[in-house]
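Taking UniProt numbering, the leading residue of the sequence shown gets 1, the next gets one more, and so forth.
Heads up, the beta-carbon is just placed ideally off N, CA and C, and yes, glycines get one too.
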Amino acid sequence: MNAQDIIENEIPNVLKQKPELAKDINAIIHFDITGDNGGKWTVDLTKPDNWVSKGAEGTPKMTVSVSNDDFVKIREKKLNAQMAAMQGKLKFKPMDMGLAMKLAKLLA
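The structure is reproduced here in structure tokens:
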């Protein structure tokens with residue numbers, strides 16, 4: 001598993017199963033993943049479908065920065081997202097705790 005698989009495949013699958021998450025978040029989020037299998041993605045939850053695209057498109061409400069390895073560990077529940085944020089491994093810009101908590105539901 002890597003960040004690309006999570007963002008391009010798993011996130012859309014979760015959104016198809018739980019469309020209320022997209023409505024609840026209702027924002028454009030950029031993911032900036034570093035390291036092997038990293039890259040930049042846009043998750044646009046203001047749209048009814050086709051939420052994920054490669055690259056940074058649109059004006060994000062938040063940008064999430066993290067390494068591929070830490071992103072995978074968070075997704076696999078081997079790394080606590082709150083601890084990763086406190087340790088500086090997981091960064092949100094701007095820091096919007098409410099939006100971050102909504103994203104946590106999507107990535108859980």
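- Under the 8 Å Cβ criterion, the segment 42-61 does not count as touching the segment 75-91, having fewer than three qualifying pairs.
- T42 and I33 have their C-alpha atoms roughly 11 Å apart.
- Our two residues, K93 and K78, have alpha carbons roughly 24 Å apart in a direct line.
- V52 is bridged by DSSP to V43.
- For I25, the enclosing alpha helix (DSSP H) has its first and last residue at P19 to I25.
- Bridge partners of K93 according to DSSP: T63.
- Taken through DSSP and simplified to helix, strand or coil, D36 comes out as coil.
- Under the DSSP assignment, I74 falls in the alpha helix (DSSP H) whose first and last residues are N68 to R75.
- Where Q82 is concerned, the enclosing alpha helix (DSSP H) starts and stops at A81 to M86.
- Around the Cβ of M62, a 10 Å sphere holds 16 or more other Cβ atoms; the residue is buried.
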